[in-house]
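When we follow my numbering, the leftmost residue of the sequence shown carries the number 6, and every step to the right adds one. Below is one structure, written out as structure tokens, with a few remarks after it.
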Amino acid sequence: MKFEILQADIHSQARTGRMTTGHGAVETPAFMPVGTQGTVKAVHRRELTDEVRAQIILANTYHLYLRPGQEILEKAGGLHGFSGWQGPILTDSGGFQVFSLAENRKLSEEGAEFRSHIDGSKHFFSPEKVMDIQRSIGADILMAFDECCPGDADRSYAAQSLQLTERWLDRCLRRLDETVPRYGYEQSFFPIVQGCVYPELRSRSAEYVASKEAEGNAIGGLAVGEPTETMYDMIELVNGILPKDKPRYLMGVGTPVNLLEAIARGVDLFDCIMPTRNGRNGQLFTRSGTVNLRNRKWADDFSPVDPDGHAFVDTAYSRAYLHHLFKCNEILGLQIASIHNLAFYHRLLEEARAHLAAGDFTGWKNGMVNRLSQRL
6 MKFEILQADI HSQARTGRMT TGHGAVETPA FMPVGTQGTV KAVHRRELTD EVRAQIILAN
66 TYHLYLRPGQ EILEKAGGLH GFSGWQGPIL TDSGGFQVFS LAENRKLSEE GAEFRSHIDG
126 SKHFFSPEKV MDIQRSIGAD ILMAFDECCP GDADRSYAAQ SLQLTERWLD RCLRRLDETV
186 PRYGYEQSFF PIVQGCVYPE LRSRSAEYVA SKEAEGNAIG GLAVGEPTET MYDMIELVNG
246 ILPKDKPRYL MGVGTPVNLL EAIARGVDLF DCIMPTRNGR NGQLFTRSGT VNLRNRKWAD
306 DFSPVDPDGH AFVDTAYSRA YLHHLFKCNE ILGLQIASIH NLAFYHRLLE EARAHLAAGD
366 FTGWKNGMVN RLSQRL
């Protein structure tokens, strides 16, 4: 994978770049729609390409391992062949999903034993097995298998968790050295910085991760309940240590405001379920703030969803019509809201890249943060 910085902001740590993979280039900063099970919920591939203008999507190792399984994926030529998506794919290692099964998993030095959320069957993930599964999926970017430390963990637990994550990282790297990509293109690998909310642990983790000289690096274990300002402090601390010439991926974050603030602190790549999950629950993001279309106040509002912004969806769909669809539990409402929110995120980052190129990112960002923080 090749990464080049195109423009660096003189007033912040923000930058634009281009990340080139075996399935095409990604202009950064960029957002990855979450396609957990090989599909972005309620969004057709055509909409992902034409309406959303997605450059790269995320899929999940845990879910794809359980269904459809490695055998089917390998027969299909990997997830690209199975799903028809021909752009870049990043796979989350499944660590977060495994560790969220607190009552149905057992952690050891060797890995994590867990029971499937589908049928209760028992499975085991080691760092080596997770690397093999991601090879089978055929992702362009593979993620390390780590323990996602709870956001409220005490320092002792966080330190032990980080030590385990570091040992697992070394095993991931050894396994990758022992294996080769399956489908004729290179697969890159990102280790993950952990350390909870403890600055000394975050610093140590960032230094350890940087020493591996991987093609990119990720920041995990944030937006899991800690104060927002603490999250920003951890991002700033970690990005002061991670190499500047490698892409930095902030995992599982977040709101449009979070994205802009993280870009200002040097983040290049994001993913989050928020635009699709919140959209399916009636919350839409607009340039004037968030709108909950289930509220009665929109029942006779015939204006477009985002009258102050671009028409991300067909302007024939008014707020009143979408309110009606949600009240009636019509599937079309979920689809329109998901497409709108994803398109909003992508247009926002396109705009951020444009302002970085123009040299006025900080002023634009501050104004947008004020607007996007409103609830209509």
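Cβ atoms here follow ideal geometry from the backbone N, Cα and C, with glycine treated the same way. These numbers were taken from a predicted model, which means no experiment stands behind them.
According to DSSP, is Q288 part of a helix, a strand, or is it coil?
The answer is strand: DSSP assigns Q288 an E or B state.
Identify whether Q42 lies in helix, strand or coil by the three-state DSSP scheme.
DSSP places Q42 in coil when its eight states are reduced to three.
Is there a C-beta anywhere in chain B that falls below 8 Å from the one on S216?
Of the chains in the structure shown, none is chain B; there is only one protein chain.
Which parts of the region 131 to 207 are runs of the alpha helix (DSSP H), unbroken and 4 residues or longer, counting only runs that do not cross its ends?
Counting whole runs of 4 or more residues, the region 131 to 207 contains the alpha helix (DSSP H) stretches 132 to 142 and 160 to 183.
Where L84 and D305 are concerned, what is the direct C-alpha to C-alpha distance, given to the nearest angstrom?
Their backbone Cα atoms lie some 44 Å apart in a straight line.
If the criterion is Cβ atoms closer than 8 Å, does the pair I10 and M37 meet it?
No, these two residues do not count as a Cβ contact at 8 Å.
So for G294, helix, strand or coil by DSSP?
DSSP places G294 in strand when its eight states are reduced to three.
Look up V58 in the DSSP assignment and say whether it is helix, strand or coil.
For the record, residue 58 in the displayed sequence is Arg; it is not Val. DSSP places R58 in coil when its eight states are reduced to three.
Measure the alpha-carbon distance for G257 versus H68 and round it to whole angstroms.
Straight-line Cα distance between these residues: approximately 16 Å.
List the endpoints of the continuous beta strand (DSSP E) containing G29.
G29 to T33 is the extent of the beta strand (DSSP E) around G29.
Pair every Cβ in the region 289 to 303 with every Cβ in the region 264 to 278, then say whether three or more of these pairs are closer than 8 Å.
No: fewer than three Cβ pairs fall under 8 Å.
Enumerate in chain order the residues of its own chain whose CB-to-CB distance from G4 is below 7 Å, with the five nearest sequence positions on each side excluded.
An answer regarding residue 4 cannot be provided, because it is not within the stretch 6 to 381 covered by the chain.
Kindly indicate the opening and closing residues of the beta strand (DSSP E) around Q75.
Here Q75 belongs to no beta strand (DSSP E); instead the alpha helix (DSSP H) covers Q75 to A81.
Just the C-alpha distance for P196 and V214, rounded to the nearest angstrom, thanks.
The straight-line gap from Cα to Cα measures roughly 6 Å.
Take F129 as the anchor and find which of E118, I138 and D137 has the nearest alpha-carbon.
Selected option, being the one with the closest Cα: E118.
With DSSP collapsed to three states, give me the class of V272.
Note: V272 maps to coil in three-state DSSP.
Which same chain residues end up closer than 6 Å to Q192 when comparing Cβ atoms and leaving out the 5 residues on each side of it in sequence?
Excluding positions up to five away in sequence, the list reads L147 and P186.
Might you give, ordered along the chain, the residues of its own chain that have their beta carbon closer than 8 Å to the beta carbon of I77, omitting 5 neighbours on each side?
Within the same chain, I77 has close Cβ partners F87.
Tell me whether Q102 is buried or exposed, calling it buried when 16 or more other Cβ atoms sit within 10 Å of its Cβ.
Buried is the call here.
Buried or exposed, going by whether 16 or more other CB atoms sit within 10 Å of the CB of I142?
It counts as buried.
So, is R172 buried or exposed, given that buried needs 16 or more other C-beta atoms within 10 angstroms?
That one is exposed.
Report the option in K46, T41 and W90 whose CA atom is closest to the CA atom of T66.
Ranking the options by Cα distance to T66, first place goes to T41.
Note down, in chain order, each residue of its chain lying with its Cβ closer than 7 Å to the Cβ of M236, except the 5 sequence neighbours on either side.
The residues are L227 and A228.
Less than 8 Å between the beta carbons of V262 and L377, yes or no?
Cβ distance < 8 Å, so V262 and L377 count as in contact.
Classify H122 as buried or exposed, calling it buried when 16 or more other Cβ atoms lie within 10 Å of its own Cβ.
Label assigned to H122: exposed.
Where does the unbroken beta strand (DSSP E) through F119 begin, and where does it stop?
Looking at the DSSP string, the run of the beta strand (DSSP E) that includes F119 is A117 to R120.
Give the DSSP-derived three-state secondary structure of M6 in the structure shown.
Looking at M6 - three-state DSSP - the assignment turns out to be coil, as it is neither helix nor strand.
What residues are listed by DSSP as bridge partners for G22?
Paired residue(s): I10 and T33.
Could you compute how far the alpha carbon of K251 sits from the alpha carbon of A359?
About 21 Å.
Going by beta carbon distance, what residues of the same chain come within less than 7 Å of A163, once the five residues before and after it are set aside?
Around A163: C154, G200, C201, Y203 and L206.
Taking just the CA atoms, how far does L347 sit from L381?
Their backbone Cα atoms lie some 19 Å apart in a straight line.
Kindly give me the distance between the Cβ atoms of P34 and I268, rounded to whole angstroms, as I take these residues to be in contact under 8 Å.
Confirmed, about 5 Å.
How many Å lie between T26 and D145 at the Cα?
If you take the alpha carbons of T26 and D145, they lie about 7 Å apart.
Who are H328's beta bridge partners in DSSP?
Partner(s): none; H328 has no beta bridge.
Alpha carbon to alpha carbon, what distance is there between L181 and G397?
With the chain represented from 6 up to 381, any question about residue 397 goes unanswered, as that position is not in the structure.
Find out if the Cβ-Cβ distance for the pair L21, L339 is shorter than 8 Å.
Here residue 21 is Thr; the residue named in the question, Leu, does not match the sequence. Not closer than 8 Å, so no.
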